[in-house]
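Asks: Sequence lines, in order, name chains A and B.
In this text, residue positions in the first sequence follow the numbering used here: the first is 72, and each later residue adds one.
In this text, residue positions in the second sequence follow the numbering used here: the first is 1211, and each later residue adds one.
Virtual Cβ for every residue (Gly too), placed ideally from N, Cα, C.
Please read these numbers as outputs of a predicted model, since none were measured by experiment.
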Amino acid sequence: MNKTMLGYVPTESPIYEVHPFVKLFFLLIVSLYPMFIAAPEWNALLMVIIFILMWFSRVDLRTMRIYIPMFISMGSIIFISYVLFGGNHPEYVLLARVFVINIYWERIRDAIVVYFRILPMIVTMVFFLTTSRERDVIVAMRSIKVPFVVTYVFAMALRSAGMVLEDFHIVREAEQARGFDTIGKSLAYKIRKYVMYMIPLFALSLRRSEEFTNALVARGYAFTGEVSRVKRADYLLTHYSFKPHDLVLTVLVGVSFVTLLFFKYGLGYFNLDTSIFINWLFRIIS
Amino acid sequence: MANVIIEIKNYSWRYLNTTSPALTNINLTVEEGKFIGIIGPNGSGKTTLAYSLDGLIPGQYNGIKEGEVLVYGKEVEQYARGELQRSVGVVFSDPESQFTAMTVEDELVFGMENLGMSVPEIRERLEWVTELTDLKPLLMKPPYEISGGQKQRVALAAVLAMTPKVMILDEPTSMLDPISRKRIFEVLEKLKSEGSNTIMVIEHSLENLIPLADRMILLSGGELVLEDETRRFFQKMPLLLEKGVHPPGSMQFFYELTENGFISNLLPLGIDEAVVELEELVGRKSGYGDPR
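So this is what it looks like as C-alpha cells:
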C-alpha cells in the first residue's frame, strides 16, 4: 500500500501509471463540470463515474463513509438556508406555509441544484487526494513549469499543515498529562480554554519556522541573490515521463469539457427545464 | 603543518536581549581533514559555535559579535548568501526540524539541486550516499514517518550528499538508542577513512567519539576551556571532571589507579587499550609475564 494524502492505495493500482499532471488536470477541469450542469441527474451521473474511477483505481470506497456526516450536514445547511430562510417571493410557486415561513418550489429546486453541484466537486477532490501523494502535486506543478519557489512554498504549506496537527496532539497530550483536559466539558468551556492549546502551539510554530529557515540556509537555499538564480536540475521529474496514454487522457478530459460546453450552449442540454429529475419532483410535490 | 581551514580569533557572541555572551573570547584553528570532537555541558555554547561556523550566526540571529570567524581565510559574513553552505554543512541535533521535503529522496536531492548539480551528478551522489548510510529502502518514504535513527541518518545523508569540505554535526545521536548511535558513528568512521572531509562532532557519547577524534575541544560557560590532541586531552582528568565531563568508565578507572600510584602511563582511550594495560599491570603485580 502506498500512502496518499487521504489514505492508502495498493501499489499495483493502475492510477500509478497516470502522470501526476493528468491527475491535476482532471481535478481542475472536472471540478468545473458541475458549474455548467444544472440538472441534478447529470451531476449524479458524474459522481457515479468518479466512483467507478475510484473503484478502478482500487481506492477503498469504504473510506467515503467518513464524508457521509459532512454530506448530510452540508445538505441540511443548504436546505435550511434556501428553503426556510429564502425570503418572501410572491412570484414563486407557494407549496406550503409553516407558521410565518413560506415554502416555495423554486427554493427547494435551487437547494437541490446547488447541493448536487457541490457534491461532485467534493467527490472529485476526494478522488484526487486519495490517489495522489504530496509529491504528485509538486511534480504536476513543476511539469507545467510553475516556478520552483511557488511549488516549494506549496510543498512547505502541505508539510507544515501536518506538522501543526502533530504539534497540537503533543501539546494536548502534555496538558492532559498535567491534569488539563476538556473531554466531557461543555462547548463554552472548551472554547474558553482553547487558548491553553493555542499559546504553546503558536510558540511551537514560531520555533518550527526558525528551525525551518535555518535548515534552508544550511542547505544552501536562498529565495533571493545569486544562489537563487542557480539552474535547478529538478531531479524529481526524472522519475516521471509523460507517456502516450497520458496524452490520450489529457486530450479526453479536455475534449469532454469542450463537448460539455457545446451540449450546454449549442444544444441546450443540462438545463433545469429539460431535467427529468426536477420535472418529476415538481409533479410529485405539487 | 596541514592546511588551516577554520580560524577563530578572539571571537565572542552575545544573543540579543541576553545579559551574558554565549561564547567568550574563543581562539581556535582547525586543520583540513581532521576529526574534531566538541564536548561540554548544556548551555556551554557548542551549538552557537557550530552555527557561527556555518554563517547561521550572525546571518539568521541578532546579536553582538566581536572578533573574527574565518573559513578558508574569509570572514563568514563576507560570503554571499548560500555560498558558505557549499563548503560547510551542519547536521542539526533535531533531525525533524531540518527536513524540507516530502520524501527521503527529495530530502537528499534538495541540497544538491541548490548547488546546481546536473541530474547524472545527483544520481551518482545519491547512489553513493544511500549506500553509505543504508537508506535505499527508505527513499520513497516521508522523512517524518521513519524511526528516530533513520531520521538522523537521513539528516546526515542530506548534508553528506552536498559533500561539503567541512561537516559539523550537532549532537547527531542525541535521540538515539545505542544501536542506532553506533550506526551513525560507523558512517562517520567510513567518512573519516575516506579522509576527504573535515568533521566536527558535538557529542555527549564519548565512548563512540573518542576512537574517531583526532582532537578534542571542551567548552564550558561559553569559554574554550581545553583544546588538545585526543590522548593528551583526556590526561587532564581533574579539569574534565571539574567541568562536568564524565569520560568513559575504563578511563576513570585507570585515572583512579594512577592517582593511587599503581600506574604512571597515559590513560587508555578505549576498552582495547585498557585491556592491554590491565594485562600488563596484573602480570607485573603477580610476577608473571602473561596473566592468562
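Buried or exposed: which applies to B:Gly-1405, given that a residue is buried once 16 or more other Cβ atoms fall within 10 Å of its Cβ?
Replies: Classification of B:Gly-1405: exposed, given that the 10 Å Cβ count is below 16.
Asks: Grab the span of the beta strand (DSSP E) containing B:Glu-1466 for me, first residue to last.
Replies: That residue, B:Glu-1466, is in no beta strand (DSSP E); its alpha helix (DSSP H) goes 1459–1469.
Asks: Taking DSSP's pairing of strands, which residues face A:Tyr-79 in a bridge?
Replies: Paired residue(s): A:Lys-74.
Asks: Cα separation between A:Ala-289 and B:Asn-1220?
Replies: Taking the straight line from one Cα to the other gives about 25 Å.
Asks: Strictly below 8 Å CB to CB, what residues from chain B border A:Ala-286?
Replies: Within chain B, the residues near A:Ala-286 are Phe-1302, Ser-1307, Gln-1308, Phe-1309, Thr-1310.
Asks: Quick one: Cα of A:Val-217 to Cα of A:Ser-84, how far?
Replies: Roughly 28 Å separates the two Cα atoms.
Asks: When you compare each of A:Phe-225, A:Gly-157, A:Lys-74 to A:Val-208 by their alpha carbons, which one comes out closest?
Replies: Nearest C-alpha to A:Val-208: A:Phe-225.
Asks: Determine the DSSP secondary structure at A:Asp-238, reduced to helix, strand or coil.
Replies: DSSP places A:Asp-238 in helix when its eight states are reduced to three.
Asks: In three-state DSSP terms, what is B:Gly-1299?
Replies: Note: B:Gly-1299 maps to strand in three-state DSSP.
Asks: Of all Cβ atoms in chain A, is any one closer than 7 Å to the Cβ of B:Arg-1291?
Replies: By this cut-off, B:Arg-1291 is an interface position.
Asks: Kindly indicate which three-state DSSP category B:Glu-1433 falls into: helix, strand or coil?
Replies: B:Glu-1433: strand per DSSP, three-state reduction.
Asks: DSSP three-state label for A:Asn-342, please.
Replies: A:Asn-342: coil per DSSP, three-state reduction.
Asks: Does the segment 1279–1286 of chain B touch the segment 270–285 of chain A, meaning 3 or more C-beta pairs lie closer than 8 Å?
Replies: Taking 8 Å as the limit for Cβ pairs, the verdict is that the segment 1279–1286 of chain B does not touch the segment 270–285 of chain A.
Asks: Residues of chain A with CB under 9 Å from B:Phe-1463, in chain order?
Replies: Per Cβ cutoff of 9 Å: no residues; B:Phe-1463 is ~40 Å from chain A at best.
Asks: Does any CB atom of chain A fall closer than 7 Å to the CB of B:Glu-1287?
Replies: So no, B:Glu-1287 is outside the interface.
Asks: Would you mind giving the Cβ-Cβ distance between B:Val-1523 and B:Leu-1336, rounded to the nearest angstrom? I have them listed as a contact below 8 Å.
Replies: Lying outside 1211 to 1502, the shown extent of chain B, residue 1523 of chain B is not represented and no answer is given.
Asks: Pick helix, strand or coil for B:Asn-1220, following the three-state DSSP scheme.
Replies: Reduced to three states, the DSSP call for B:Asn-1220 is strand.
Asks: What's the call for A:Tyr-306, buried or exposed, on a 16-neighbour Cβ count within 10 Å?
Replies: With 16 or more Cβ atoms within 10 Å of its Cβ, A:Tyr-306 is classed as buried.
Asks: I need the DSSP call for B:Lys-1244, collapsed to helix, strand or coil.
Replies: Here B:Lys-1244 sits in coil by DSSP.
Asks: Mind pulling the chain B residues with CB within less than 9 Å of A:Arg-213?
Replies: Result: empty, since nearest Cβ-Cβ is about 11 Å, beyond 9 Å.
Asks: Please determine if the segment 1297–1317 of chain B and the segment 1360–1380 of chain B are in contact, where contact requires at least 3 C-beta pairs separated by less than 8 Å.
Replies: The answer is yes - the segment 1360–1380 of chain B touches the segment 1297–1317 of chain B, with three or more Cβ pairs under 8 Å.
Asks: Chain A beta carbons: is any one of them nearer than 7 Å to that of B:Val-1364?
Replies: Chain A, which has no Cβ nearer than 7 Å to the Cβ of B:Val-1364, makes this no.
Asks: In the DSSP output, what is A:Ile-169 paired with across the bridge?
Replies: Per the sequence presented here, residue 169 of chain A reads as Val, with Ile not at that position. Its beta-bridge partners are A:Ile-172.
Asks: Going by DSSP, what residues sit across from B:Ile-1249 in a beta bridge?
Replies: According to DSSP, which records beta bridges pairwise, B:Ile-1249 is partnered with B:Leu-1428.
Asks: The alpha helix (DSSP H) with B:Leu-1263 in it runs from where to where?
Replies: That run of the alpha helix (DSSP H) goes 1256–1264.
Asks: For B:Thr-1257, return the contacting residues in chain A, with the cut-off set at a CB-CB distance below 8 Å.
Replies: The contacting residues do not exist; B:Thr-1257 stays about 11 Å from chain A at best.
Asks: Quick one: Cα of A:Ile-179 to Cα of A:Leu-99, how far?
Replies: Approximately 29 Å between the Cα atoms of the pair.
Asks: Chain B beta carbons: is any one of them nearer than 7 Å to that of A:Tyr-292?
Replies: Chain B contact via Cβ: present.
Asks: Let me confirm a value: B:Arg-1502 is counted as buried when at least 16 other C-beta atoms fall within 10 Å, else exposed. Which label applies?
Replies: Residue placement at B:Arg-1502 is flagged as unreliable, the pLDDT there being 47, under the threshold of 50; a coordinate-derived value is accordingly withheld.
Asks: Which of the three DSSP states, helix, strand or coil, is assigned to B:Met-1410?
Replies: In this structure, B:Met-1410 counts as strand in the three-state DSSP scheme.
Asks: If I follow the unbroken alpha helix (DSSP H) through B:Glu-1404, where does it start and stop?
Replies: 1388–1404 is the span of the alpha helix (DSSP H), which, as asked, contains B:Glu-1404.
Asks: Contact check, A:Val-235 vs A:Ser-280 under 8 Å by CB: the rounded distance?
Replies: Wrong, their Cβ atoms sit about 11 Å apart, outside the cutoff.
Asks: Hey, out of B:Phe-1464, B:Ser-1328, B:Asp-1380, B:Gly-1454, whose CA is closest to B:Asp-1264's CA?
Replies: Of B:Phe-1464, B:Ser-1328, B:Asp-1380, B:Gly-1454, the residue nearest in Cα terms is B:Asp-1380.
Asks: Pull the bridge partners of B:Ile-1274 from the DSSP assignment, please.
Replies: Looking at the DSSP assignment, B:Ile-1274 forms a beta bridge with B:Arg-1224.
Asks: Are the C-beta atoms of A:Thr-82 and some chain B residue less than 7 Å apart?
Replies: With 7 Å as the cut-off, A:Thr-82 does not count as an interface residue toward chain B.
Asks: Distance cutoff 7 Å, beta carbons only. Does B:Ser-1328 sit that close to anything in chain D?
Replies: In the structure shown, chain D cannot be found, because the protein chains are A and B.
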